[in-house]
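Visitor: One structure follows; several queries about it will come next.
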Amino acid sequence: MRIAILVGATRRESTTALILNYIANVIGNEGHEAAVFDLREKPLPLYNDDDEEIHPHTSELMDLVLHADAVVIGSPEYHGSVTGVLKNALDYLGGDHFGDKAVLSVSSAGGAVGVSSLQHMQTIVRNLHGINSPEWISVGGAQRQFSPDGAPESPDVQKRVHRAVSSFLRLAAKLRG
């Protein structure tokens, strides 16, 4: 399967980017293709439905998600929600991009957990006609430590990621049937 991964963080070396790249490696090790679209590296113009020309990054994002079998979206939690860059990217996408696809939501928070941002991501996914994975991943506080090889230092976080990704991939396979 082809899995699109959207990184909705803007800080260099953000824990959101680190956890999503780790997820991409886990997906790759399971024999699937994971394509990471980092909104820090490929910024999009502000969504404007009146724009007639499509920015090259926007076109790349739309094509990536359209042709993916499933999607992972991730954001740090800012003021109890997702980042503006992730919301802006999702505004460019619609039901034809997400319809009937499994979606895994991932959050990184400075505090204990990023539940509010996860709930917002799941609401957006439902409105885009995607299918939320029953699992989600939230890393917060001391759990946000990574080794130089990009793996979470916490064995509990590693187990949580593997469990959530396995559940997500099973759902994606059933939906793609």
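Going by UniProt numbering, the final residue of the sequence shown carries number 177, and the count climbs one at a time with no gaps. Glycine included, each C-beta is placed from N, C-alpha and C at the ideal position. It should be emphasised that the depicted structure is a prediction, and the values quoted were computed from it without experimental measurement.
Span of the alpha helix (DSSP H) holding V165?
Guide: Reading the sequence shown from its first residue, position 165 is the one you call residue 165. Note, V165: alpha helix (DSSP H), 155-176.
Visitor: How do the segment 144-162 and the segment 113-131 stand: do at least 3 beta-carbon pairs fall below 8 Å, yes or no?
Guide: Contact between the segment 144-162 and the segment 113-131 is absent, because fewer than three Cβ pairs lie under 8 Å.
Visitor: Among V26, A68, T16, G74, which residue has its Cα nearest to the Cα of R2?
Guide: Along the sequence shown, one-based indexing puts residue 2 at 2. It is A68.
Visitor: For the segment 156-168 against the segment 96-104, are there 3 or more C-beta pairs whose distance is under 8 Å?
Guide: Because the criterion of three Cβ pairs below 8 Å is met, the segment 156-168 and the segment 96-104 touch.
Visitor: With distance defined between alpha-carbon atoms, name the residue in E30, P56, A70 nearest to K174.
Guide: Reading the sequence shown from its first residue, position 174 is the one you call residue 174. Of the candidates E30, P56, A70, the one whose C-alpha sits nearest the C-alpha of K174 is A70.
Visitor: Between S108 and R144, how many whole angstroms is the CB-CB distance? I'm expecting something under 8 Å.
Guide: Position 108 of the sequence shown, counted from the first residue, corresponds to residue 108. Position 144 of the sequence shown, counted from the first residue, corresponds to residue 144. S108 to R144, Cβ: 6 Å. Contact.
Visitor: Taking 7 Å as the CB-CB cut-off, is L46 touching chain B?
Guide: No chain B appears in the structure shown, which is made up of a single protein chain.
Visitor: Across the segment 34-42 and the segment 7-23, are there enough close Cβ pairs to call them in contact, namely three or more that are closer than 8 Å?
Guide: Flag = yes, the segment 34-42 and the segment 7-23 touch.
Visitor: DSSP puts A109 in a beta bridge; with which residues?
Guide: For the purposes of this step, residue 109 is taken as the residue at position 109 of the sequence shown. Partner(s): G140.
Visitor: Starting from F146 and walking both ways along the alpha helix (DSSP H), at which residues does that stretch end?
Guide: Taking the sequence shown and counting its residues from 1, one reaches residue 146 at position 146. Unbroken run through F146: none, as it is neither H nor E.
Visitor: Could you name the residues of the same chain whose beta carbon sits closer than 8 Å to that of H57, not counting the 5 residues immediately before and after it, in chain order?
Guide: Within the sequence shown, the letter at position 57 stands for residue 57. Cβ within range, chain order: K42, P43, L44.
Visitor: Would the segment 123-134 and the segment 91-99 be scored as touching if the rule is three or more Cβ pairs under 8 Å?
Guide: These segments touch.
Visitor: Am I right that I23 and V82 are in contact with their C-beta atoms under 8 Å? What's the rounded C-beta distance?
Guide: Residue numbering aside, residue 23 sits at position 23 when the sequence shown is read from its first letter. Residue numbering aside, residue 82 sits at position 82 when the sequence shown is read from its first letter. The pair is not a contact, with the Cβ atoms about 17 Å apart (cut-off 8 Å).
Visitor: Between which residues of its own chain and G80 is the CB-CB distance below 6 Å, once the five residues before and five after are set aside?
Guide: Here the question's residue 80 lines up with position 80 in the sequence shown. Correct list, in chain order: S116.
Visitor: Cutting at 7 Å between CB atoms, please list the residues of its own chain near V46, excluding the five before and the five after it.
Guide: Within the sequence shown, the letter at position 46 stands for residue 46. In the sequence on display, residue 46 carries Leu and not Val. If we look at L46 and ignore the five residues flanking it on each side, its Cβ neighbours are N88.
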